[in-house]
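Student: In my numbering, the protein residues as written are 268 to 653.
Built from N, CA and C at the ideal position, the CB exists for glycine as well.
#1: Would you grab the beta carbon distance between residue 280 and residue 325 for me? Rounded to a whole angstrom, and I think it's under 8 angstroms.
#2: Starting from residue 432, follow the beta strand (DSSP E) in both directions and report where the run begins and ends.
#3: Taking only runs of the beta strand (DSSP E) that begin and end inside the segment 409–463, which ones reach a length of at least 3 residues, in chain order?
#4: In terms of residues, what are the limits of the beta strand (DSSP E) holding residue 598?
#5: Short check: CB of residue 395 to CB of residue 387, under 8 angstroms?
#6: DSSP beta-bridge partners for residue 329?
#7: Mapping DSSP to helix, strand and coil, what is residue 531?
#8: Measuring alpha carbon to alpha carbon, tell me which of 597, 598 and 608 ends up nearest residue 589.
#9: Measure how close the beta-carbons of residue 295 and residue 497 come, nearest whole angstrom, since I'm counting them as under 8 angstroms.
#10: Does the contact criterion of 3 or more C-beta pairs under 8 angstroms hold for the segment 296–314 versus the segment 336–350?
#11: Going by C-alpha to C-alpha distance, which of 365, 437, 403 and 520 sits closest to residue 472?
#12: Take the Cβ of residue 474 as the centre, count every other Cβ of all protein chains shown within 10 Å, and call the residue buried at 16 or more, exposed below.
#13: For residue 559 versus residue 634, is the C-beta distance shorter than 8 angstroms?
#14: Leaving aside the five residues before and after residue 547 along the sequence, list all residues of the same chain whose C-beta is less than 6 angstroms from its C-beta, in chain order.
#15: Quick one: what's got a C-beta closer than 7 angstroms to residue 309's C-beta in the same chain, skipping five residues either side?
#16: Mark residue 416 as exposed unless 16 or more other C-beta atoms lie within 10 angstroms of its C-beta, in which case mark it buried.
#17: Please classify residue 351: is it buried, with 16 or more other beta-carbons within 10 angstroms of its beta-carbon, or exposed?
#18: If we count the other Cβ atoms within 10 Å of its Cβ and call it buried at 16 or more, is residue 397 buried or exposed?
#19: Which residue's Cα is closest to the Cα of residue 337: 402, 285 and 582?
#20: Report the three-state DSSP secondary structure of residue 317 (helix, strand or coil).
#21: How should residue 640 be labelled, buried or exposed, when 16 other C-beta atoms within 10 angstroms of its C-beta is the threshold for buried?
#22: Using 8 angstroms as the threshold, is the C-beta distance between residue 363 and residue 551 below it?
#23: Output the distance between the C-alpha atoms of residue 341 and residue 528, rounded to the nearest integer angstrom.
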């Protein structure tokens with residue numbers, strides 16, 4: 268029998284630049300992406316926390332949706348409010364299905380009353396586009412921006428680097444806000460959004476594909492900038508307690524269970540998909556599990572899939588788990604192992620002691636508030652970065 272044919276991995280416009288920089292490449296969401304560079308994951312993580320990291324996130328989806336009823340449309344496919352939102356505001360939210368589960372988490376930015384810019388996860392591109400198009404009304408248009416790349420610049424020096432290298436002044440740009448800008452390496456039109464997925468002050472630049480390499484190369488010449496791979500991006504988002512789709516959230520998870528209930532906003536008219544389940548859970552009924560932060564007290568690393576037990580069941584091999592870890596790893600910022608997982612609400616109180624079972628070992632742990640590391644975004648806002 269012939270082995271199944273594996274389709275070739277897609278490449279971003281910066282693929283050659285990653286190879287030139289010594290990146291260890293690997294498949295992710297159908298793309299050949301940099302996992303880490305020569306200095307390694309820990310060094311990249313700490314560099315982003317202390318200086319500025321440069322990320323290629325061009326594998327993510329981008330789209331523009333236009334039409335007179337665009338705000339109503341987004342209040343149907345998400346539980347968030349857009350009609351009353353100010354212009355140039357970016358919202359972190361979720362697409363919900365009929366059962367109140369999460370199809371994907373994404374960033375939606377209001378460019379005009381009838382125009383919205385959407386950035387969604389690479390691994391969910393096809394289903395997101397299909398769902399959004401399925402629910403379009405006749406007056407709306409959907410334009411996938413496959414001709415644009417996405418670059419993230421994250422860290423304490425990000426604002427200064429943008430001004431020095433690209434001559435883009437973001438001193439008046441607030442957190443979760445967007446501006447349209449031109450620059451010499453960028454061409455005439457770049458979307459600059461003050462957000463990210465690290466908890467640091469930072470930006471995402473949506474730029475035409477043919478300008479991606481000139482922009483990347485220009486930024487790389489700055490002494491404060493180093494390239495960062497997907498592995499450190501994962502440990503950085505874990506520090507912040509940001510959920511990762513397909514691991515911490517999926518199409519069976521509600522926003523309330525996921526502890527991101529603030530995306531369900533009162534100015535939404537309440538006709539969004541899955542409204543009955545989501546509002547019932549928000550009011551405290553039929554609530555079966557909750558996403559929590561976990562710090563390990565014992566030495567060891569607990570990863571996705573590790574079972575969680577009540578502390579009183581230590582040593583009891585017949586005990587039933589009270590939850591499961593959905594993300595976990597070593598935090599270079601804290602020099603300890605952390606994770607996130609779902610447990611029953613009666614064990615979810617901050618400070619509650621638990622046991623995490625890892626390859627037969629029982630590791631003491633405790634329920635901890637998230638984020639694990641203090642956010643350094645320019646201005647705190649009730650939304651996570653993307």
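Tutor: Working from what's here:
#1: Within the chain shown, residue 280 is the residue found at index 13, counting from 1. Within the chain shown, residue 325 is the residue found at index 58, counting from 1. Confirmed, Cβ separation roughly 6 angstroms.
#2: Start at 1 with the first residue of the chain shown, and residue 432 comes out as number 165. Segment: none, residue 432 is in no beta strand (DSSP E) and carries neither H nor E.
#3: 415–422, 445–450 and 454–460
#4: The residue you call residue 598 lines up with position 331 of the chain shown. Here the beta strand (DSSP E) through residue 598 covers 590–598.
#5: Here residue 395 refers to the residue found at position 128 of the chain shown. Here residue 387 refers to the residue found at position 120 of the chain shown. Yes, they are a contact pair.
#6: Within the chain shown, residue 329 is the residue found at index 62, counting from 1. Note: residue 329 sits in a beta bridge opposite 386.
#7: Numbered from 1 along the chain shown, position 264 holds the residue referred to as residue 531. DSSP places residue 531 in coil when its eight states are reduced to three.
#8: Position 322 of the chain shown, counted from the first residue, corresponds to residue 589. Selected option, being the one with the closest Cα: 608.
#9: Locating residue 295 in the chain shown gives position 28, where the first residue counts as 1. Locating residue 497 in the chain shown gives position 230, where the first residue counts as 1. With a Cβ gap of about 6 angstroms, residue 295 and residue 497 count as contacting.
#10: no
#11: Within the chain shown, the letter at position 205 stands for residue 472. It is 437 whose Cα lies nearest to the Cα of residue 472.
#12: Taking the chain shown and counting its residues from 1, the one referred to as residue 474 is at position 207. Looking at its Cβ environment, which holds 16 or more other Cβ atoms inside 10 Å, residue 474 is buried.
#13: Locating residue 559 in the chain shown gives position 292, counting from the first residue. Locating residue 634 in the chain shown gives position 367, counting from the first residue. In this structure, residue 634 lies closer than 8 angstroms to residue 559 by Cβ.
#14: To locate residue 547, count along the chain shown from 1; it is residue 280. Excluding sequence neighbours, residue 547 sits near 553.
#15: Looking up residue 309 in the chain shown gives position 42. Excluding residues within five positions, the ones whose Cβ falls inside 7 angstroms are 599.
#16: Start at 1 with the first residue of the chain shown, and residue 416 comes out as number 149. Classification of residue 416: buried, given that the 10 Å Cβ count is 16 or more.
#17: The residue given as residue 351 occupies position 84 in the chain shown. Exposed, by the Cβ-count rule.
#18: Here the question's residue 397 lines up with position 130 in the chain shown. The residue in question, residue 397, is exposed, as its Cβ has fewer than 16 Cβ neighbours within 10 Å.
#19: Along the chain shown, read from residue 1 onward, the residue named residue 337 stands at position 70. The residue with the shortest Cα to Cα distance from residue 337 is 402.
#20: Counting from one through the chain shown, the residue named residue 317 turns up at place 50. In the structure shown, residue 317 sits in a helix (DSSP, three-state: H, G or I).
#21: Locating residue 640 in the chain shown gives position 373, where the first residue counts as 1. Flag for residue 640 reads buried.
#22: The residue given as residue 363 occupies position 96 in the chain shown. The residue given as residue 551 occupies position 284 in the chain shown. Not closer than 8 angstroms, so no.
#23: As a first step, residue 341 is located in the chain shown; it is residue number 74 there, counting from the start. As a first step, residue 528 is located in the chain shown; it is residue number 261 there, counting from the start. Straight-line Cα distance between these residues: approximately 17 angstroms.
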